[in-house]
Amino acid sequence: MNLSTLSFDIANLQAAYASGVTVRAVIAEAMRRCASDTNSAFIHRLTDAEIEPFLAHLDGVDPASLPLYGVPFALKDNIDLAHIPTTAGCPEFAYTPGESAFLIQQLVAAGAVPLGKANLDQFATGLNGTRSPYGACQNAFNPDFVSGGSSSGSAVSVAKGWVTFSLGTDTAGSGRVPASFNNLVGLKPTIGLLSATGVVPACRSVDTVSIFALTAADAQAVLAVAAVPDEADAFSRAAKPFGVDFSAGPFRFGVPRPQDLAFFGNDAAAALFAESVERLKALGGTAVEIDLTPFLEAARLLYEGPWVAERYVAIKDFIDAQPEAVFPPVRTIIEGGKAKTAADAFAASYKLKALKRVCDAVWKDIDCLLTPTAGTIYRIADMQADPIRLNSNLGYYTNFMNLLDYAAVAVPAGFQASGDAQGLPWGVTLAAPAFKDVPLLRLADRFHRAQAALSLGATAAKLADTPAIGTELPKGSNTAGTVKVAVCGAHLSGLPLNWQLTQRGARLLGAVQSAPEYKFYALAGGPVQRPGMVRVAEGGAAIHMEVWELPAEHFGSFVDGIPAPLGIGKVKLADGSWVSGFVCEAIGVEGGTDITALGSWRAWLARQG
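For reference, each letter of the sequence shown is one residue, going 0 to 608 in numbering that gives the first Met the number 0.
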């Protein structure tokens with residue numbers, strides 16, 4: 000096997016290991032690739048001696064026994080790796096930790112091999128990648144353009160094909176903007192899913208570690224390993240069930256009103272966004288126009304409000320003692336936190352609470368939100384000439400996500416066909432409430448694969464040659480937490496009691512037939528006409544039903560509202576499977592009308608006129 004052309008996506012690596020390729024050969028190739036860094040992507044590349052303990056850990060191990068066996072990765076240099084300096088992009092701040100960050104320990108235990116500490120906007124303050132004394136990190140496709148930040152080197156190292164995945168951090172968009180600019184999937188997980196123990200904070204209360212990958216499947220595989228609750232991290236949260244999976248469709252997605260969209264003069268980006276809307280429609284989505292104003296108002300609180308004081312608190316002793324060691328734009332932002340008062344913090348927290356109530360109301364009408372990841376991209380020289388204003392433009396669609404506690408996935412949406420940034424990649428973001436990471440990744444994968452000709456990052460490998468994300472969840476992922484319910488009467492789509500499902504967030508999976516073993520009756524009495532199904536040994540027929548997916552947390556209240564003689568039991572379907580569904584006590588059909596021959600409640604209603 001020619002390792003120099005091997006794609007480092009997880010599926011291809013696993014195939015290589017299964018064919019007999021050794022982990023030492025793959026990591027040697029990965030190190031060779033990393034050594035070609037001319038983009039200022041790395042602050043520190045591990046030496047042979049520094050990597051050896053991670054390889055020794057895999058000696059004699061069956062590659063199939065570990066989910067990330069021999070998978071090379073990079074980590075942003077504000078995340079601790081044992082015995083390797085952590086700089087946070089500032090040499091004077093550097094320290095050498097005695098142990099790795101909690102989530103790095105999870106990844107290494109799963110077989111992943113760290114290769115280097117990646118460049119970043121200093122103290123994770125910026126969305127452009129130019130604010131580093133280790134050099135402005137250059138875009139993987141065109142070195143004249145920004146890579147996006149602050150997780151700049153993390154993204155470039157994956158896009159170049161040097162590592163399989165990388166870790167960044169995301170407070171205001173740092174796990175998404177670099178993904179957009181480098182043709183990657185960028186997962187900004189639900190806050191707290193990934194431990195922050197051993198991570199230099201930016202804004203502790205709204206930070207999250209992020210994942211850059213070539214595909215959504217790879218991002219999900221890494222998330223499943225890394226999302227382990229950490230008792231040492233007060234902000235750590237265990238994954239909750241993600242509920243109804245809207246990813247397969249039909250689904251409803253929010254789109255900002257035309258007056259809320261901003262592309263900062265980039266017509267090519269505007270065209271790609273319009274194409275993205277149509278692509279989601281083709282995947283089964285219905286576009287719903289939403290007012291982005293309250294989201295943008297929440298976004299302004301991140302830098303204009305007291306949350307900037309968290310950046311000051313994170314490095315207070317250092318910046319007070321050595322302010323000259325901090326990049327001027329970074330210093331201006333962080334020192335601005337000194338003037339914020341407790342009164343400012345409370346007033347802003349009240350305002351954010353009110354805005355979140357308004358913003359969260361959209362989830363009653365949509366399953367996910369589609370926005371550009373960043374409206375445009377800039378040349379490094381332009382960014383350095385106007386660092387505050389242009390950086391702010393890059394955060395237009397990203398700054399509100401963590402404040403509002405949403406999950407988000409940045410996904411490639413094509414290449415710009417014209418303008419100053421012609422030929423550069425561009426992406427969109429799919430967002431949803433906390434803990435919806437899995438359905439977001441699944442939908443992102445479908446969206447990504449609808450562009451079959453796309454390459455992986457800046458490599459020659461093709462997306463079409465990698466497997467789709469699939470419906471099976473990796474071990475360790477949060478579960479759906481839903482119940483399938485078969486309905487046959489007034490709860491059918493468009494009928495009087497269907498609201499009892501939809502208001503609980505249920506989703507229609509499809510129409511089915513029961514096994515031909517049921518008698519069907521129009522029951523007597525009641526304010527609403529209702530049918531009853533009774534399973535019989537002979538004389539039964541197949542009955543038309545719908546199967547709905549209902550969040551388990553609402554299943555109890557749904558069942559509790561069902562009047563006698565109806566109840567929820569197990570219904571046998573035509574394919575032989577069993578599902579929870581409406582059944583009727585035998586005594587309840589007394590006085591009713593046998594409508595078995597019609598096989599459908601809608602047919603009975605139509606006959607009634």
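Backbone N, C-alpha and C define an ideal beta-carbon position, used for all residues, glycine too. Keep in mind it's a predicted model, so treat the numbers as computed, not measured.
Return the chain-ordered list of same chain residues with a C-beta closer than 6 Å to the C-beta of LYS355, the five sequence neighbours on each side being excluded. Mapped onto the sequence shown, residue 355 falls at position 356. For LYS355, where only same-chain residues beyond five positions count, the Cβ hits under 6 Å are LEU403.
Within the chosen definition, does the segment 168-180 reach the segment 62-70 through at least 3 CB pairs nearer than 8 Å? No, because fewer than three Cβ pairs between the segment 168-180 and the segment 62-70 fall closer than 8 Å, the two stretches do not touch.
Exposed or buried, what is PRO515 when buried is set at 16 or more other beta-carbons lying within 10 Å of its beta-carbon? Position 516 of the sequence shown, counting from 1, holds the residue named residue 515. That one is exposed.
Cutoff 6 Å; reference ALA212; Cβ partners in own chain excluding five residues on either side: As a working note, residue 212 is residue 213 in the sequence shown. In chain order, PHE164, VAL184 and ALA218 place their CB closer than 6 Å to the CB of ALA212, counting only its own chain and leaving out the 5 sequence neighbours on each side.
Check the DSSP bridge columns for PHE668 and list the partner residues they point to. As displayed, the chain neither begins before 0 nor continues past 608, which places residue 668 out of reach and without an answer.
Are there 16 or more other CB atoms within 10 angstroms of the CB of GLY610, so buried, or fewer, so exposed? Limits of the chain in this structure are 0 at one end and 608 at the other, which puts residue 610 out of reach.
Tell me the DSSP secondary structure of VAL198 in three-state form. Translated into the one-based positions of the sequence shown, residue 198 becomes position 199. Residue state, collapsed to three classes: strand.
Is it buried or exposed, ARG529, if we count other Cβ atoms within 10 angstroms and call 16 or more buried? The count along the sequence shown starts at 1 and reaches residue 529 at position 530. The residue is buried, with at least 16 neighbouring Cβ atoms inside 10 Å.
Starting from TYR68, trace the alpha helix (DSSP H) in both directions and tell me its first and last residue. Taking the first residue of the sequence shown as position 1, residue 68 is located at position 69. Following the DSSP letters along the chain, one finds TYR68 in no alpha helix (DSSP H), marked with neither H nor E.
Under 7 Å, do GLY191 and ASP79 count as touching if we go by C-beta distance? Sequence index remark: in the sequence shown, residue 191 carries index 192 (1-based). Sequence index remark: in the sequence shown, residue 79 carries index 80 (1-based). Against a cut-off of 7 Å, the Cβ pair of ASP79 and GLY191 comes out as no contact.
Would ASP366 and PHE245 qualify as a contact pair, given that the criterion is a beta-carbon distance under 7 Å? Along the sequence shown, one-based indexing puts residue 366 at 367. Along the sequence shown, one-based indexing puts residue 245 at 246. Contact: yes.
Length-filtered (3 minimum) beta strand (DSSP E) runs lying within the segment 98-122: Scanning the segment 98-122 for uninterrupted beta strand (DSSP E) segments of 3 residues or longer gives 112-117, listed from N- to C-terminal end.
Using a 10 Å radius around the Cβ and a threshold of 16 neighbouring Cβ atoms, would you call GLU28 buried or exposed? As a working note, residue 28 is residue 29 in the sequence shown. The residue in question, GLU28, is buried, as its Cβ has 16 or more Cβ neighbours within 10 Å.
Would PHE662 and GLY284 qualify as a contact pair, given that the criterion is a beta-carbon distance under 7 Å? The structure shown does not extend to residue 662, since the chain spans only 0 to 608, so no value can be given for it.
Evaluate GLN137 with the Cβ neighbour count: other Cβ atoms within 10 Å of its Cβ, from every protein chain shown; 16 or more gives buried, anything less gives exposed. Taking the sequence shown and counting its residues from 1, one reaches residue 137 at position 138. By the 10 Å Cβ count, GLN137 comes out buried.
Which class does PHE140 belong to by DSSP, given the choice of helix, strand or coil? Working through the sequence shown from its first residue, we reach residue 140 at position 141. Coil at PHE140, not helix or strand.
Which one of THR37, TYR517, THR478 and GLY152 has the shortest CA to CA distance from ALA596? As a first step, residue 596 is located in the sequence shown; it is residue number 597 there, counting from the start. Nearest to ALA596 by alpha-carbon distance, out of THR37, TYR517, THR478 and GLY152, is TYR517.
Would you mind stating whether LEU393 and LEU126 have Cβ atoms separated by less than 7 Å? In the sequence shown, the residue the question calls residue 393 occupies position 394. In the sequence shown, the residue the question calls residue 126 occupies position 127. The Cβ atoms of LEU393 and LEU126 lie closer than 7 Å to each other.
Taking the continuous beta strand (DSSP E) assigned at VAL484, which residues delimit it? Stepping through the sequence shown from its first residue, residue 484 is reached at position 485. If you look at VAL484, you'll find it in the beta strand (DSSP E) that goes 481-486.
Put THR214 into one of helix, strand or coil per three-state DSSP. As a position in the sequence shown, residue 214 is number 215, starting the count at 1. Here DSSP, grouped into helix, strand and coil, assigns THR214 to coil.
C-alpha gap between ALA346 and PRO113, whole angstroms: Taking the first residue of the sequence shown as position 1, residue 346 is located at position 347. Taking the first residue of the sequence shown as position 1, residue 113 is located at position 114. C-alpha of ALA346 to C-alpha of PRO113: approximately 43 Å in a straight line.
Close beta carbons around LEU54, own chain, < 8 Å, minus the five adjacent residues each side: Numbered from 1 along the sequence shown, position 55 holds the residue referred to as residue 54. So the qualifying residues of the chain are VAL22, ARG23, ILE26 and VAL112.
If you follow the alpha helix (DSSP H) that GLU49 is in, where does it begin and where does it stop? The residue you call residue 49 lines up with position 50 of the sequence shown. Annotation for GLU49: the continuous alpha helix (DSSP H) segment containing it runs 47-55.
Within its chain, find whatever has a CB closer than 7 Å to the CB of ARG278; leave out the 5 residues flanking it on each side and keep chain order. Counting from one through the sequence shown, the residue named residue 278 turns up at place 279. If we look at ARG278 and ignore the five residues flanking it on each side, its Cβ neighbours are PHE446 and ALA449.
Only counting runs of 4 or more residues, tell me where the alpha helix (DSSP H) segments fall wholly within the segment 529-573, in order along the chain. Within the segment 529-573, the complete alpha helix (DSSP H) runs of at least 4 residues fall at 551-559.
With a floor of 3 residues, list each beta strand (DSSP E) that falls wholly inside the segment 392-425, ordered by position along the chain. List check, beta strand (DSSP E) in window: 405-414.
When you compare only the Cα positions, how much space is there between SER173 and GLN121? Translated into positions along the sequence shown, residue 173 becomes position 174. Translated into positions along the sequence shown, residue 121 becomes position 122. Going from the Cα of SER173 to the Cα of GLN121 covers about 12 Å.
In chain order, what residues of the same chain lie with their CB nearer than 7 Å to the CB of ALA15, ignoring the 5 residues before and after it? Here residue 15 is taken as the residue at index 16 of the sequence shown, counted from 1. MET0, LEU5 and VAL25.
Assuming LEU508 and TRP547 form a contact by the criterion Cβ under 8 Å, report the distance between their Cβ atoms to the nearest whole angstrom. Residue mapping note: residue 508 aligns to position 509 of the sequence shown, counting from 1. Residue mapping note: residue 547 aligns to position 548 of the sequence shown, counting from 1. LEU508 to TRP547, Cβ: 6 Å. Contact.
Distance, PRO327 Cα to PRO386 Cα: As a first step, residue 386 must be located in the sequence shown, where it is residue number 387. As a first step, residue 327 must be located in the sequence shown, where it is residue number 328. Answer to the nearest angstrom: the Cα atoms are 10 Å apart.
What do you reckon, are the CB atoms on GLY580 and ALA485 nearer than 7 Å? Here residue 580 refers to the residue found at position 581 when the sequence shown is read from its first residue. Here residue 485 refers to the residue found at position 486 when the sequence shown is read from its first residue. Yes, the pair counts as a contact, with Cβ atoms nearer than the cut-off.
Give me the Cβ distance between GLU274 and GLY413, rounded to the nearest whole Å; I'm assuming they're in contact under 8 Å. Locating residue 274 in the sequence shown gives position 275, where the first residue counts as 1. Locating residue 413 in the sequence shown gives position 414, where the first residue counts as 1. At roughly 7 Å, the Cβ-Cβ gap stays under 8 Å, so GLU274 and GLY413 are in contact.
In the DSSP assignment, find the beta strand (DSSP E) that holds CYS367 and state where it starts and stops. Looking up residue 367 in the sequence shown gives position 368. 367-371 is the span of the beta strand (DSSP E), which, as asked, contains CYS367.
Between ALA573 and GLN512, which are expected to be in contact by the criterion C-beta below 8 Å, what is the C-beta distance as a whole number of angstroms? For the purposes of this step, residue 573 is taken as the residue at position 574 of the sequence shown. For the purposes of this step, residue 512 is taken as the residue at position 513 of the sequence shown. Contact holds; Cβ gap of about 4 Å.
Note down the Cα distance separating THR501 from ALA551, rounded to an integer number of angstroms. Here residue 501 refers to the residue found at position 502 when the sequence shown is read from its first residue. Here residue 551 refers to the residue found at position 552 when the sequence shown is read from its first residue. One C-alpha to the other measures close to 14 Å.
Below 8 Å, how does it come out for the segment 95-112 and the segment 320-338: are there three or more Cβ pairs, yes or no? Output reads no: the segment 320-338 does not touch the segment 95-112.
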